[in-house]
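Residue numbers for the sequence shown follow the numbering used here, so the first one is 2 and each next one is one higher. Don't be surprised by glycine CBs; every beta carbon is placed ideally from N, CA and C. A short worksheet on the structure shown next.
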Amino acid sequence: MDFINDGGRVSLKELKLPEDLKKLSLRQCRYLCTEIRNLLISTVSKNGGHLASNLGVVELTIAIHRNFDSPYDKIIWDVGHQSYVHKILTGRLDKFSTIRQENGISGFPKPEESVHDVCISGHSSTSVSVACGMAEAMRLQNKDNYAVAVIGDGAMTGGLFYEGMNNGGKELKSNLIVILNDNNMSISKSVGSLEKYLTRLRNTEKYMRTKRKVEKNLYHIPIVGVKMARGIKSAKDTLKSAMLERTMFEDMGFIYLGPVNGHNLSELEQVIHVAKSYHRPVLIHVNTTKGKGYLPAEKNPGEYHGISKFDVVSGNPEVSVSECYSTVFGKELTSLAEKDDRICAITAAMKYGTGLQFFAEKFPERFYDVGIAEQHAVTFAGGLASMGNIPVFAVYSTFLQRSYDQLVHDIAIGGLHIVLGVDRAGIVGEDGETHQGLFDVPMLSTIPNTTIYSPAGYEELKLCLKKAVYANNGLVAVRYPRGAEEISFNEDFLNTDYIFMKNGSDTLLVSYGRIYNEVYKAQTLLNSDGTVCDRLKLTKIFPLRREIIDEMKNYKRIIFFEESVGSGSISEKTGFMLAESGYCGSYSRVAVEGFVKQAKVKSSLSQLGLSCEKIADYVRRKIINAQT
């Protein structure tokens with residue numbers, strides 16, 4: 002469709018592809034910004050998701066798509082949670098109402114959704130490394146396209162960002178552009194009138210053309226031209242060094258442009274044009290307001306970073322949950338710390354998500370937010386432990402994956418005692434494949450002298466945390482799911498590492514954590530048709546005691562239900578130990594195979610065969626098949 006750049010309004014519905022943006026005037030684009038923000042607020046209020054970050058990148062996303070040629074130019078969104086506007090502008094407007102819903106579009110970039118999503122993204126600080134590889138690949142293929150990494154929102158605290166920058170600036174000569182979205186979450190602003198003046202001068206195409214023309218003419222002057230050019234450059238650099246500190250990005254080999262106003266389309270387009278003209282690694286520093294256009298989000302950007310359904314008028318959440326596993330963990334850790342000043346708490350930029358705000362408020366001198374740096378967090382904890390402290394690192398299961406080497410090398414080999422609070426263990430719901438907590442059990446259980454607890458309720462979580470702190474040595478993990486408990490068990494039932502519930506059956510159902518609750522409910526369903534089973538509830542899931550295996554051998558049929566990937570799981574280890582001990586009965590398990598897509602937790606558990614209804618059906622089939 003051809004647009005007339007007369008400044009009239011254009012609806013989002015009229016835009017089919019990113020190329021359509023290039024036909025609009027800046028005034029028309031500004032109208033679109035308002036429409037996009039209204040759509041973001043309306044949709045996230047119904048679906049939940051990442052709001053404040055996306056409100057802050059509306060103009061930036063439009064400028065990127067107006068000045069690059071996606072998908073031929075590769076646009077990489079770091080973390081991916083600020084890609085909602087990108088999705089709207091790349092042909093997914095009609096599906097945007099389904100974002101983060103089952104069978105809907107993802108809240109993160111996903112290549113299977115669109116050619117404009119050039120890579121999977123969900124974890125922090127990866128974009129520059131991806132962009133380096135893509136930019137270099139295009140150079141090798143003689144393509145003159147750009148790789149653009151959009152990073153910010155705290156992602157600069159991740160070490161991988163600096164690894165990518167160091168390699169990209171010093172070693173590569175390709176069309177690499179890094180856009181730093183500085184929304185006051187990670188970087189302090191540059192100040193000073195001279196800096197502002199040089200920024201305006203440096204970010205004009207006229208200046209760039211003049212500079213290159215002068216340099217070219219000087220180099221063509223016989224004998225003295227080269228010396229004159231070098232002298233002028235040296236004098237300029239000397240003056241600049243005397244008046245201004247070089248940015249670390251320039252020290253890494255990048256051309257630095259900025260800062261520019263990330264909500265001014267004209268400034269954004271101008272600086273992007275300049276960046277493209279260099280044909281070498283460039284960093285554009287953009288200042289934005291997180292939550293722009295929605296007052297509650299502007300005032301409290303952290304609260305609206307990732308939010309559940311909420312009322313648009315008041316900004317209040319639709320459902321207020323007073324207690325969840327994370328808050329119970331945080332409060333209990335704070336309670337333990339009141340009696341023991343050796344206890345320290347560590348988070349990797351997730352203070353509120355992991356429930357550590359209570360600890361931070363009461364013991365700020367023993368609370369450490371290390372940024373998005375899980376590797377550092379683990380080794381830092383090791384340093385604390387080596388001096389007699391008891392560090393507790395609360396971290397989402399999916400992000401713990403980044404610290405495996407440190408857990409082995411810096412903690413386990415030396416026998417240091419640290420505690421991991423593994424939050425969001427198991428299925429997490431709408432965030433999908435990149436955030437499911439399904440790999441921590443196989444990962445941790447490969448490490449010698451490691452202990453893993455998996456409580457099934459709040460009181461059990463408190464007991465497990467206390468045991469992890471005081472009753473164990475070495476690396477100890479306490480893992481717990483997202484959300485609230487479903488069943489509350491009495492204390493006598495809880496204060497054990499394992500317990501058999503015997504009903505005189507020759508069939509044993511085994512589980513732990515949240516899925517034990519599903520097994521418990523499944524037994525009620527089985528009772529209705531007279532199917533009786535014994536149950537084994539594990540709390541200390543690793544290492545498994547030999548006495549448990551010996552007791553299990555008395556059963557004719559054993560079925561293990563586990564909310565973890567099957568390979569390397571506790572159910573796999575149990576099966577191996579049973580076989581090794583000469584067990585001749587029937588052993589089967591239901592665990593997770595492959596990656597799990599976004600859906601409500603209950604829906605995912607049902608699809609995986611781990612809901613109480615599916616567990617009951619599976620048990621009936623196993624028993625019936627054995628009788629025929």
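So, are the CB atoms of residue i and residue j less than 8 Å apart?
i	j	result
W78	S84	yes
S398	V420	no
P443	V593	no
C534	S572	no
Y513	E486	no
N288	N317	no
S570	I550	no
I344	R367	yes
T328	A395	no
T435	F543	no
L539	V511	yes
R140	S98	no
G438	A426	yes
L266	L27	yes
Hey, could you find the ends of the alpha helix (DSSP H) residue i is sitting in?
i	result
C377	Reading the sequence as shown, one finds His at residue 377 and not Cys. From DSSP, the alpha helix (DSSP H) with H377 extends over 375-387.
A350	A350 -> no alpha helix (DSSP H), and no H or E assigned at all.
P297	296-300
S512	Per DSSP, S512 belongs to no alpha helix (DSSP H); it is in the beta strand (DSSP E), 508-513.
R93	Here R93 belongs to no alpha helix (DSSP H), and DSSP marks it neither H nor E.
K603	602-608
K340	326-340
N68	59-68
I488	It is not in any alpha helix (DSSP H) - I488 carries neither H nor E in the DSSP assignment.
D551	547-553
L462	459-471
K363	358-363
L579	571-581
F250	249-252
I625	613-628
Which word fits residue i, buried or exposed, when buried means at least 16 other C-beta atoms lie within 10 angstroms of its C-beta?
i	result
E206	Residue confidence for E206 is low, a pLDDT of 46 falling below 50, so the modelled location carries little weight and cannot support an answer.
M553	buried
R622	exposed
N143	exposed
T525	exposed
R247	exposed
G389	exposed
Y454	buried
H82	buried
F577	exposed
Y471	exposed
G384	exposed
Y73	exposed
V320	exposed
S122	buried
Starting from residue i, trace the beta strand (DSSP E) both ways and give me its first and last residue.
i	result
Y588	587-593
S630	The structure shown has nothing for residue 630, since the chain only spans 2 to 629.
T44	Counting along the chain, T44 falls outside any beta strand (DSSP E), though it belongs to the alpha helix (DSSP H) covering 27-48.
E563	558-566
A1	As displayed, the chain neither begins before 2 nor continues past 629, which places residue 1 out of reach and without an answer.
M502	499-502
H87	Where H87 is concerned, there is no enclosing beta strand (DSSP E), although the alpha helix (DSSP H) it sits in stretches over 85-88.
V261	256-262
N317	First-last for N317: undefined, no H or E at that position.
N288	283-288
I76	75-78
Y369	368-370
Check whether the Cβ of residue i lies closer than 7 Å to any heavy atom of the ligand MG, and answer yes or no.
i	result
G389	The ligand MG is absent from the structure shown, which contains no ligand whatsoever.
Kindly indicate if chain C contains any beta-carbon less than 8 Å away from that of residue i.
i	result
L56	Among the protein chains of the structure shown there is no chain C, as only one such chain exists.
For this session: Specify whether the stretch 21-30 and the stretch 136-152 touch according to this definition: at least 3 beta carbon pairs, one from each stretch, less than 8 Å apart.
Result: no
Exercise. Taking three-plus beta-carbon pairs below 8 Å as touching, is the stretch 47-65 in contact with the stretch 300-311?
Worked result: yes
For this session: Note down, one range per segment and in chain order, each beta strand (DSSP E) of at least 3 residues found wholly within the stretch 384-454.
Result: 391-397, 419-424, 451-454
Exercise. When the Cβ atoms of the stretch 36-45 are set against those of the stretch 267-276, are three or more pairs found closer than 8 Å?
Worked result: Contact fails between the stretch 36-45 and the stretch 267-276, because fewer than three Cβ pairs, one in each stretch, are under 8 Å apart.
For this session: Please determine if the stretch 405-425 and the stretch 436-456 are in contact, where contact requires at least 3 C-beta pairs separated by less than 8 Å.
Result: yes
For this session: Flag this pair as touching only if the stretch 420-431 and the stretch 288-307 have three or more C-beta atom pairs under 8 Å; answer yes or no.
Result: no
Exercise. Does the stretch 514-532 come close enough to the stretch 346-363 that 3 or more CB-CB pairs lie under 8 Å?
Worked result: No, the stretch 346-363 is not in contact with the stretch 514-532.
For this session: Mind the definition here: the stretch 546-564 touches the stretch 576-595 only if three or more C-beta pairs lie below 8 Å; say whether that holds.
Result: yes
Exercise. Counting pairs of beta carbons, one from the stretch 99-114 and one from the stretch 124-136, are three or more of them closer than 8 Å?
Worked result: no
Exercise. Enumerated in chain order, which unbroken segments of the beta strand (DSSP E) with a length of 3 residues or greater are wholly contained in the stretch 98-176?
Worked result: 148-153
Exercise. Touching or not, the stretch 110-117 and the stretch 326-344, by the rule of three or more beta carbon pairs under 8 Å?
Worked result: no
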